[in-house]
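Following: one structure in structure tokens, then a few remarks.
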Amino acid sequence: MRLIMAFALCLASSVALGQESPFLLRGLEHLQHGRYDEARESFDEVELDTETTPEERILLVVGRCRSFVEQGEWDKAISIARAGVEKHRESSRLWALLAECQFETGKSTEAARSVKQALDLDSQQPNAVLIYAHLLTEAGRYDEAVDQYRWFVRHYNRTQPDDADTLVTIGEGAAQYARWKGVSDVFKFLVNTLCADARKASPDSWQAYVLSGDLLMEKYNRKQAVPEYHAALAINPNCAAAHVGLGQIELTENRLQAADEFADAAIEANAHYIPALLLKADIALISDDHAAARPFIERALEVNPNNQHALARLAVCQLRDVGIPEDDELQAVFVHLDDPKAWNGVQDEDFGKTLSRLLELNPKPGLFLADVGNFLDSGRKFDAAKLFYQAAIETMPQLSGPKTALGLLYMRTGELDKAEEILDAAFDADRFHVRVSNMRKLLEVLNTYVLIESPHFVIHCDPSERALGQEMSAYLESIYDELATTYEYEPPTRTHFEIYSDAKDQNAHAWFSTRMSGLPWIQTIGASTGMIVALASPEKTQEKYNWARVLKHEFVHILTLQKTGFAMPHWYTEALAVTSEGDQIPEAWYDLLIQRVASGDTYNLATLNQGFQRPKSRDDWTMAYCQSRFYAKYFTDEFGRDALTRLTRAYASGMTTEEAIPSIFGVNVEDVEEGYAKFLTETA
Numbered sequence: 000m001r002l003i004m005a006f007a008l009c010l011a012s013s014v015a016l017g018q019e020s021p022f023l024l025r026g027l028e029h030l031q032h033g034r035y036d037e038a039r040e041s042f043d044e045v046e047l048d049t050e051t052t053p054e055e056r057i058l059l060v061v062g063r064c065r066s067f068v069e070q071g072e073w074d075k076a077i078s079i080a081r082a083g084v085e086k087h088r089e090s091s092r093l094w095a096l097l098a099e100c101q102f103e104t105g106k107s108t109e110a111a112r113s114v115k116q117a118l119d120l121d122s123q124q125p126n127a128v129l130i131y132a133h134l135l136t137e138a139g140r141y142d143e144a145v146d147q148y149r150w151f152v153r154h155y156n157r158t159q160p161d162d163a164d165t166l167v168t169i170g171e172g173a174a175q176y177a178r179w180k181g182v183s184d185v186f187k188f189l190v191n192t193l194c195a196d197a198r199k200a201s202p203d204s205w206q207a208y209v210l211s212g213d214l215l216m217e218k219y220n221r222k223q224a225v226p227e228y229h230a231a232l233a234i235n236p237n238c239a240a241a242h243v244g245l246g247q248i249e250l251t252e253n254r255l256q257a258a259d260e261f262a263d264a265a266i267e268a269n270a271h272y273i274p275a276l277l278l279k280a281d282i283a284l285i286s287d288d289h290a291a292a293r294p295f296i297e298r299a300l301e302v303n304p305n306n307q308h309a310l311a312r313l314a315v316c317q318l319r320d321v322g323i324p325e326d327d328e329l330q331a332v333f334v335h336l337d338d339p340k341a342w343n344g345v346q347d348e349d350f351g352k353t354l355s356r357l358l359e360l361n362p363k364p365g366l367f368l369a370d371v372g373n374f375l376d377s378g379r380k381f382d383a384a385k386l387f388y389q390a391a392i393e394t395m396p397q398l399s400g401p402k403t404a405l406g407l408l409y410m411r412t413g414e415l416d417k418a419e420e421i422l423d424a425a426f427d428a429d430r431f432h433v434r435v436s437n438m439r440k441l442l443e444v445l446n447t448y449v450l451i452e453s454p455h456f457v458i459h460c461d462p463s464e465r466a467l468g469q470e471m472s473a474y475l476e477s478i479y480d481e482l483a484t485t486y487e488y489e490p491p492t493r494t495h496f497e498i499y500s501d502a503k504d505q506n507a508h509a510w511f512s513t514r515m516s517g518l519p520w521i522q523t524i525g526a527s528t529g530m531i532v533a534l535a536s537p538e539k540t541q542e543k544y545n546w547a548r549v550l551k552h553e554f555v556h557i558l559t560l561q562k563t564g565f566a567m568p569h570w571y572t573e574a575l576a577v578t579s580e581g582d583q584i585p586e587a588w589y590d591l592l593i594q595r596v597a598s599g600d601t602y603n604l605a606t607l608n609q610g611f612q613r614p615k616s617r618d619d620w621t622m623a624y625c626q627s628r629f630y631a632k633y634f635t636d637e638f639g640r641d642a643l644t645r646l647t648r649a650y651a652s653g654m655t656t657e658e659a660i661p662s663i664f665g666v667n668v669e670d671v672e673e674g675y676a677k678f679l680t681e682t683a
């Protein structure tokens, strides 16, 4: 959870200050605009004023504390808050401030004591109630926590507050209640009314913009979320939360380079901001660079060693190091979460130790389990991801995220009946989730399609394109034996190909894009999850394409990814798929190759995946395909006609590229790179 730290600091809603407090006013203004050094200088001037009121002194503590919080200097912030409660022991606001600082740094026991002090002084102090609810959540006491989150809805209805800070705090608490109880209308109210009222009360409330941006992003309404974050940055250019929000949007769009730039901007503003550090880790994990992710995870855990999201990413790295336990081993873990001794040895592995330690703090760590499931899912470890999602749902049924994720996973694996049931339930709980809504609409379209079944394939197509579907089915059967022999693999079940046509005022490409991403646009016309294939009908796209070539390309992905358990790198499955299309290489690839080789702007084995995952331009993406194809050709020319078969077997055995090349080719990676560079120069 990301706390926005709205502690009575927006000028228009703060305590009434007289003309005798210009330095305090100036300091608070600097603070809201991210000028933290200037804010502290103004606060220092206030310290010299012997005529400030007690309320102004309290506000001074809050402002000074938050100036350090916003830069991640938690030790200084806690020291200031602690000194503040020593001087103002009757201030519930300061006790709540101290509790939040302690909570954010993993000091839950201390935070519980501080929040009790705050609530004993004022049971209606919104910040204190929010921290108390979060503490209950982190302890796995969800029924008690939801009662506290419900308090914010009731408090708003009862008191009708009109100051920005209280409204933002209420928004955070009420949003959590709405998530857990599936009250979709609350989200609409928070974005359209509460956040708008907060901005009206205090135009410099970047916190209100961040809150509305977060809520919109959560529902995959990125178009409206982006301007909210930019509005926050217009007020406070050093708002780490807004930079992270924009970065997360870029990440979900798979624009990793842009996401990385936003993460860097957030870290520049606050080097200890956990969401920014985890965004950096996520970018590395998605790029399958666990070594690069580790330092950011460790930095996050230095701030808060109990943060479930950071611990989940640590667990993902640990699973990557030693391998994911077998399904029966994971099931034993999840059935016996309360008894690590029954985990069949998993408790002795690093992953088991991480989970066991977390369970001592929270016996129902649904957030942790859901996050691990998400990363296994994105890494196409579908069976393990299902088990983690199911465990998250079992331990924390209040979470809608793992239910939605499991439904979308079933879509990726072609288990449409299971997907439909879960997504219907997810939609009933949250009618504003764009991806869920889109997938349900897609299932409605898919249910109108005819099925063309053959021994190895099932083609789904619009009834008007039955003849095309039959041609595709016949073609796929004609190449099946050859490809299965070449790649030494046959799928255990028939492979489904879904051919999308125009429907319901949406074109074929939009439906295909929705199928693959949940959103109505991606740049290709065909794609595979490794389990199913989807493509836009060649009769409905603006530019016609060779559908036989696309079908073959995508079926090669099915064979190679399933054979290796999704363990081969992205560039290699593309190398095999493009190679399967034949020897003819597009003329545009040669033109680009000549240009890139001349400028020295080429990839190597260590960076080639970035061309697919983090392209800075369309040429980068094209170059990644081009170089992948030429790596395959180089391997075949240099190491024999069976070189690709041997390399595929190596990946299937669990080897990395660095392990496979010397093992099967008898040369080190450096020698391969030297030879390949020479090969590219000669080819260009």
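Quick note: numbering that gives the first Met the number 0 has the sequence shown finishing at residue 683, numbered continuously throughout.
Where a beta carbon is used, it is the ideal one built from N, C-alpha and C, also for glycine.
- In the DSSP secondary-structure assignment, residue 502 is bridged to 505.
- Under the DSSP definition of a beta bridge, residue 572 lacks any partner.
- Minimum Cα-Cα distance from residue 659 among the listed residues 669, 646 and 509 corresponds to 646.
- Taking a cut-off of 8 angstroms on C-beta distances, the segment 343-363 does not touch the segment 403-417, as fewer than three cross pairs fall below it.
- The C-beta distance from residue 315 to residue 371 rounds to 6 angstroms, short enough to meet the 8 angstroms contact threshold.
- Every alpha helix (DSSP H) of 4 residues or more that sits fully in the segment 45-120 is shown, in chain order, as 53-68, 73-86, 91-103 and 107-120.
- When Cβ pairs closer than 8 angstroms are counted between the two stretches, the segment 30-44 is seen to touch the segment 60-72, the count reaching three or more.
- Under the three-state reduction of DSSP, residue 181 is assigned to coil, being neither helix nor strand.
- For residue 193, the closest alpha carbon among the candidates 543, 182, 168 and 82 is that of 168.
- For residue 457, the enclosing beta strand (DSSP E) covers residues 456-460.
- The Cβ atoms of residue 271 and residue 302 lie closer than 7 angstroms to each other.
- Note on the segment 395-424: whole alpha helix (DSSP H) runs with a minimum of 4 residues are 400-411, in chain order.
- It is roughly 29 angstroms from the alpha-carbon of residue 341 to the alpha-carbon of residue 297.
- Of 94, 91, 100 and 96, the smallest CA-CA separation from residue 72 is found for 100.
- Taking all protein chains in view, the Cβ of residue 235 is crowded by 16 or more other Cβ atoms within 10 Å, so the residue is classified as buried.
- Residue 293 and residue 300 have their C-alpha atoms roughly 11 angstroms apart.
- Residue 494 is bridged by DSSP to 456.
- In the DSSP assignment, residue 197 falls within the unbroken alpha helix (DSSP H) covering 194-200.
- Its chain contains 67 as the residues whose beta carbon lies nearer than 6 angstroms to that of residue 75, once the 5 sequence neighbours on both sides are disregarded; these appear in chain order.
- By the 16-neighbour rule on beta-carbons within 10 angstroms, residue 606 is exposed.
- Secondary structure of residue 451 (DSSP, three-state): strand.
- Distance from the Cα of residue 199 is smallest, within the candidate group 162, 209 and 227, for 162.
- Pairing residue 132 with residue 124 gives a Cβ-Cβ distance that is not under 7 angstroms.
- Using a Cβ distance threshold of 7 angstroms, residue 490 and residue 389 do not count as a contacting pair.
- The three-state reading of DSSP puts residue 323 in coil, since its state is none of H, G, I, E or B.
- In this structure, 463 is the residue among 463, 436 and 21 with its C-alpha nearest to the C-alpha of residue 447.
- Residue 456 sits close to residue 493, with the two beta carbons spaced by under 7 angstroms.
- In the structure shown, residue 527 adopts extended strand secondary structure according to DSSP, grouped into three states.
- Look at the beta carbons and you see the segment 426-439 touching the segment 214-230: at least three pairs across the two are nearer than 8 angstroms.
- Secondary structure note for residue 257: its alpha helix (DSSP H) is the uninterrupted segment 255-268.
- By the C-beta criterion, the segment 570-577 is judged to be in contact with the segment 550-557, since at least 3 inter-stretch pairs fall below 8 angstroms.
- In chain order, 305, 307, 310, 364 and 367 place their CB closer than 8 angstroms to the CB of residue 357, counting only its own chain and leaving out the 5 sequence neighbours on each side.
- Beta-bridge annotation (DSSP): residue 535 is paired with 499.
- Leaving aside the five residues that flank residue 679 on each side, the residues in its chain whose CB is nearer than 6 angstroms to its CB run, in chain order, 596.
- Remark: fewer than three beta-carbon pairs, one from each stretch, lie closer than 8 angstroms, so the segment 375-392 and the segment 493-508 are not flagged as touching.
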